[in-house]
């Protein structure tokens, strides 16, 4: 806002003449507009997000490949399991889909991670009940259920954080 030198009226900065007394106010000094200071907001996810995402995806590829290999009966003594081979192959393919950033696979992994959280909660409940019967096995079950819940939740978080990440 500026002030008219003749009638002392307050006027918007954009006015060139006073609306009250028609005095020319084009030469009245204007207040300096302050430019907003730039904030140093980080663009993109935290530095640990993308390496963790790829680490888990590689773990899925390696773990799924190992499950498929060990279920094939190549290693004597471990037996042959078609179901194990299928689960291992699907897990490895999901890991490759995560590495390739395929949205369909990322959506499927989100659903499976949610189901894994529900399964982990069920495992946690049954392990807590099992604590009274066999405490050591119950404690191990509780630990594994918590790990299952946390890793599935982490995967959902990582997929969400990398959805619109620049350069990802």
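In the numbering used here, the protein residues as written are 151 to 318.
Glycine included, C-beta positions come from ideal geometry on N, C-alpha and C.
All values derive from a computational prediction rather than experimental measurement.
Item                                                                                                                                                                               : Value
Identify every run of the alpha helix (DSSP H) within the stretch 170-253, keeping only runs that are complete inside it and at least 4 residues long; order them along the chain. : 199-221, 232-249
Near residue 268, what residues of its chain come up, given a Cβ to Cβ distance below 8 Å and the 5 sequence neighbours on each side ignored?                                      : none
Would residue 277 and residue 292 be called neighbours here (beta carbons separated by less than 8 Å)?                                                                             : yes
For residue 312, does the three-state DSSP call read helix, strand or coil?                                                                                                        : coil
Inspect the beta-carbon positions of residue 270 and residue 302 and report whether they are closer than 8 Å.                                                                      : yes
For residue 164, count the other beta carbons within 10 Å of its own beta carbon; 16 or more makes it buried, fewer makes it exposed. Which is it?                                 : exposed
Only counting the same chain, and skipping five residues up and downstream in sequence, which positions put a Cβ closer than 7 Å to that of residue 207?                           : 245, 248, 249
Pull up the CB-CB distance for residue 235 and residue 221, whole angstroms please, since I reckon it's below 8 Å.                                                                 : 5 Å
Based on Cα-Cα distance, which residue from 263, 294, 266, 252 lies nearest to residue 313?                                                                                        : 252
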